[in-house]
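With positions in the sequence shown counted from 1, the corresponding number in this note's numbering is that position plus 421.
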Amino acid sequence: MTSVPPRFPPRPIRGVRVLHRKQNCAPHFAEIEVDFEPAAEGFAFEVAQELTVDYEPAEALSRFFEAASVGIEEQLSLPEHGVVVATRVVLRHARADTFGSHELAFKIAGYLAARKALERTRYPTSCLPMGPQPE
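Pasting the structure below:
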């Protein structure tokens, strides 16, 4: 008999905030806050309607948010976690910087947010792979 992996998240996980900042000749900057809600199945990502971000060009924000979504989904989907992903993720807050924000910075912020959410549910995280490591 095989056991069924637990569903993630088992309960709502609100206010997962990540600030990813790396300062060098290729700076990174991304700040996000997301909520993880249980869903029937799969992965869904949405941006809260009331979210406003002071950043120019504003058109870049959708690429940044998509990268954060990809980072979250990739991290949660790693087989090492042993969970069935059934979550709706809502982006509640974001901050970007002209000189360090780009898709990779937001993707890493997504990885980090997913990792924090997994830690909050007390899944073993000592061996959790992280994807690209921020410096």
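For glycine and all other residues, C-beta sits at the position ideal for the given N, C-alpha and C.
According to the DSSP assignment, Leu497 belongs to the alpha helix (DSSP H) that extends over 481-498. Phe486 is positioned such that its CB atom lies no closer than 9 Å to that of Leu525.
As the crow flies, the alpha-carbon of Arg484 is around 11 Å from that of Val491. For Arg516, no alpha helix (DSSP H) encloses it; the enclosing beta strand (DSSP E) starts and ends at 505-516.
The C-beta separation of Ala488 from Gly521 comes to about 14 Å, leaving the pair out of contact by the 8 Å criterion. In this structure, Pro427 sits near Gly503, with a CB-CB distance shorter than 9 Å. Ranked by Cα distance from Ala517, the first of Ala461, Thr473, Arg509 is Thr473.
Judged by DSSP in its simplified three-state form, Phe527 adopts helix.
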